[in-house]
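Participant: If you scroll down you'll find the structure; I have some questions about it.
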Amino acid sequence: MKRYETLHDRLHEWYRRHGRHDLPWRRTRDPYRIYLSEIMLQQTRVETVLERYWGPFLERFPTLSSVAAATEGEVLKAWEGLGYYNRARYLHRTARLCDGALPRSAAELEKLPGIGRSTAHAIACFAFDEPLPILDANVRRILHRFFALDEATPSRLWEAAGELFDAGRPYDYNQAMMDLGAMVCTPKAPECSACPLREGCAGREDPQRYPRPRKRPGIPVRKRQILVLRRGDALGLVRNEGRFLGGMWSFPQRIEAPRSGRKIGKVRRTYSHFRIEGSVWEVKELPDEKLRFFTPAECESLAMSALDRDVLKLVKKEMQ
DNA sequence: CATCCGTGGAC
DNA sequence: TGTCCAAGGAT
Numbered sequence: 390m391k392r393y394e395t396l397h398d399r400l401h402e403w404y405r406r407h408g409r410h411d412l413p414w415r416r417t418r419d420p421y422r423i424y425l426s427e428i429m430l431q432q433t434r435v436e437t438v439l440e441r442y443w444g445p446f447l448e449r450f451p452t453l454s455s456v457a458a459a460t461e462g463e464v465l466k467a468w469e470g471l472g473y474y475n476r477a478r479y480l481h482r483t484a485r486l487c488d489g490a491l492p493r494s495a496a497e498l499e500k501l502p503g504i505g506r507s508t509a510h511a512i513a514c515f516a517f518d519e520p521l522p523i524l525d526a527n528v529r530r531i532l533h534r535f536f537a538l539d540e541a542t543p544s545r546l547w548e549a550a551g552e553l554f555d556a557g558r559p560y561d562y563n564q565a566m567m568d569l570g571a572m573v574c575t576p577k578a579p580e581c582s583a584c585p586l587r588e589g590c591a592g593r594e595d596p597q598r599y600p601r602p603r604k605r606p607g608i609p610v611r612k613r614q615i616l617v618l619r620r621g622d623a624l625g626l627v628r629n630e631g632r633f634l635g636g637m638w639s640f641p642q643r644i645e646a647p648r649s650g651r652k653i654g655k656v657r658r659t660y661s662h663f664r665i666e667g668s669v670w671e672v673k674e675l676p677d678e679k680l681r682f683f684t685p686a687e688c689e690s691l692a693m694s695a696l697d698r699d700v701l702k703l704v705k706k707e708m709q
């Protein structure tokens, strides 16, 4: 596509000068590390991954084989605090499916659990130089503005992504677009005057108009009773099944308050689509529950959600 | 196509 | 405090 040659040149020059070249996953071609970064960064801020997860996780799991050799629980533990824990379970499944090495094409990568089209393209491009565009939140916002799209289907956005794509320098193009979206073409106050694509941008007169903001339904509040059963120094926990916090250990929850027990505090937490307001009770008995008992020290090696970590903190205060 | 799936920072 | 949102994918 000759049409965007000048804009591509400006984009690359902007990226050379302002890009985040020090990001650790840009300083490696190790497919596993690139893959891990793409999974960690799904719906997660760069700063969070950079500061709290990248180093510790790689120290514990330096290779794809080391992930495959671990239990799911161990991988979840290393993922603790990052959220969207299905990512960690898919990572574990993928590691076991791959037997040491990731496939080298986007088509094969996309067949693996937890890897969709955009992530497959990202890994294939960044690790194996396959010339394919990505379509993350940054690129999507740029495309909405560049082509003045109020709203667009995924199909239309992929088409737009392919149109603006620079197949001649796929690695730098994709990285540059993500940086541009994160640093210049931002959601709230885009700096169009600093944008290397401004001359071709159909939306630059009113960038805030694109994309049209999605109506967010209010999230419901779920009131829950959180039950703490002690057996000596040990606490009764259950392992979540299903997709919500699947594989993570939690204090049991009920809708109804216990008939007897002592209230020791409150916790609240907002998830992606609901909020929990929990009353924490110390109870003496808890029928019909598949409990396993762990001391607070043993809990440190279990994968627990942020809410259950808050509950555990309350309980430890009570036990002193 | 709509809904589900966490967390914490910015404002 | 409430709201938005950040390198998406599975169902």
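The first sequence begins at 390 in this note's numbering and counts up by one.
Beta carbons: idealized from backbone N, C-alpha and C, even for Gly.
1) DSSP puts Gly654 in a beta bridge; with which residues?
2) Just checking my contact of Ile615 with Gly667 at CB under 8 Å: how many whole Å lie between their CB atoms?
3) Does Leu521 pass the burial test, meaning 16 or more other C-beta atoms within 10 Å, or should it be called exposed?
4) By DSSP's criteria, Phe682 is part of a beta bridge. Which residues make up the other side?
5) I need the DSSP call for Leu491, collapsed to helix, strand or coil.
6) Mind checking whether Tyr537 and Ala591 have CB atoms under 9 Å apart?
7) For Leu491, which of Met708, Arg632, Leu586 and Leu453 has the nearest alpha-carbon?
8) Roughly how many angstroms separate the alpha carbons of Thr417 and Tyr424, rounded to a whole number?
9) Since Arg601 and Asp539 should fall inside the 8 Å C-beta cutoff, what is the C-beta to C-beta distance between them, to a whole number of angstroms?
10) If you draw a straight line from the alpha carbon of Met693 to that of Gly462, how long is it in whole angstroms?
11) So Leu626 and Phe683 are supposed to be a Cβ contact under 8 Å. How far apart are they, rounded?
12) Where do the N-terminal and C-terminal ends of the beta strand (DSSP E) with Gln614 fall, by residue?
13) Please specify which runs of the alpha helix (DSSP H), each continuous and at least 4 residues long, are wholly inside the segment 460-516, giving them in chain order.
14) Report the option in Phe554, Glu707, Asp697 and Gln642 whose CA atom is closest to the CA atom of Lys679.
15) Are the beta-carbon atoms belonging to His510 and Ile523 less than 9 Å from one another?
16) Could you pull the start and end residues of the alpha helix (DSSP H) that Lys705 belongs to?
17) To the nearest angstrom, how far is it from the Cα of Leu400 to the Cα of Thr575?
18) Between Trp638 and Arg529, what straight-line distance do the alpha-carbon atoms span, to the nearest angstrom?
19) Could you pull out every residue in the same chain whose Cβ sits closer than 8 Å to the Cβ of Arg545, ignoring the five residues on either side in sequence?
20) Given this structure, state the Cα-to-Cα distance separating Val435 from Leu447, to the nearest angstrom.
21) In chain order, what residues of the same chain have a beta carbon less than 6 Å from the beta carbon of Pro445, not counting five sequence neighbours either side?
22) Name the two residues that bound the continuous alpha helix (DSSP H) containing Met567.
23) Can you tell me which residues form a DSSP beta bridge with Ser639?
Facilitator: Let me lay it out:
1) Mapped onto the first sequence, residue 654 falls at position 265. Answer is Val669.
2) Residue mapping note: residue 615 aligns to position 226 of the first sequence, counting from 1. Residue mapping note: residue 667 aligns to position 278 of the first sequence, counting from 1. About 4 Å; that satisfies the 8 Å criterion.
3) Within the first sequence, residue 521 is the residue found at index 132, counting from 1. Burial call: buried.
4) The count along the first sequence starts at 1 and reaches residue 682 at position 293. For Phe682, which the question treats as bridged, DSSP gives the partners Gly625.
5) Counting from one through the first sequence, the residue named residue 491 turns up at place 102. Looking at Leu491 - three-state DSSP - the assignment turns out to be coil, as it is neither helix nor strand.
6) Position 148 of the first sequence, counting from 1, holds the residue named residue 537. Position 202 of the first sequence, counting from 1, holds the residue named residue 591. Sequence inspection shows Ala at residue 537; the Tyr mentioned does not correspond to that position. Going by C-beta atoms, Ala537 is nearer than 9 Å to Ala591.
7) Counting from 1 along the first sequence, the entry for residue 491 is found at position 102. Ranking Met708, Arg632, Leu586 and Leu453 by Cα distance to Leu491 puts Leu453 first.
8) Here residue 417 is taken as the residue at index 28 of the first sequence, counted from 1. Here residue 424 is taken as the residue at index 35 of the first sequence, counted from 1. The alpha-carbon atoms of Thr417 and Tyr424 are separated by roughly 11 Å.
9) Taking the first residue of the first sequence as position 1, residue 601 is located at position 212. Taking the first residue of the first sequence as position 1, residue 539 is located at position 150. Contact flag correct, Cβ pair sits at about 5 Å.
10) For the purposes of this step, residue 693 is identified with residue 304 of the first sequence, where counting begins at 1. For the purposes of this step, residue 462 is identified with residue 73 of the first sequence, where counting begins at 1. Taking the straight line joining both Cα atoms gives about 10 Å.
11) Stepping through the first sequence from its first residue, residue 626 is reached at position 237. Stepping through the first sequence from its first residue, residue 683 is reached at position 294. Contact between Leu626 and Phe683 holds, with the beta-carbon distance rounding to 6 Å and staying under 8 Å.
12) The residue you call residue 614 lines up with position 225 of the first sequence. It spans Val610 to Arg620 - the beta strand (DSSP E) in which Gln614 sits, taken as one unbroken run.
13) 461-468, 475-487 and 495-498
14) For the purposes of this step, residue 679 is taken as the residue at position 290 of the first sequence. That would be Gln642, whose Cα lies nearest to the Cα of Lys679.
15) Sequence index remark: in the first sequence, residue 510 carries index 121 (1-based). Sequence index remark: in the first sequence, residue 523 carries index 134 (1-based). For His510 and Ile523, yes; Cβs fall inside 9 Å.
16) Position 316 of the first sequence, counted from the first residue, corresponds to residue 705. That run of the alpha helix (DSSP H) goes Ala695 to Met708.
17) Taking the first residue of the first sequence as 1, we reach residue 400 at position 11. Taking the first residue of the first sequence as 1, we reach residue 575 at position 186. Those two C-alpha atoms are separated by around 16 Å.
18) For the purposes of this step, residue 638 is identified with residue 249 of the first sequence, where counting begins at 1. For the purposes of this step, residue 529 is identified with residue 140 of the first sequence, where counting begins at 1. Approximately 36 Å between the Cα atoms of the pair.
19) Within the first sequence, numbered from 1, the residue matching residue 545 stands at position 156. Answer for Arg545: Leu538, listed in chain order.
20) Numbered from its first residue, the first sequence carries residue 435 at position 46. Numbered from its first residue, the first sequence carries residue 447 at position 58. Cα-Cα distance, rounded: 16 Å.
21) On the first sequence, position 56 is the one that residue 445 refers to. The answer is none, since no qualifying residue turns up.
22) The residue labelled residue 567 in the question sits at position 178 within the first sequence. Element bounds for Met567: Pro559 to Met572.
23) Stepping through the first sequence from its first residue, residue 639 is reached at position 250. Note: Ser639 is bridge-paired with Val627 in the DSSP secondary-structure output.
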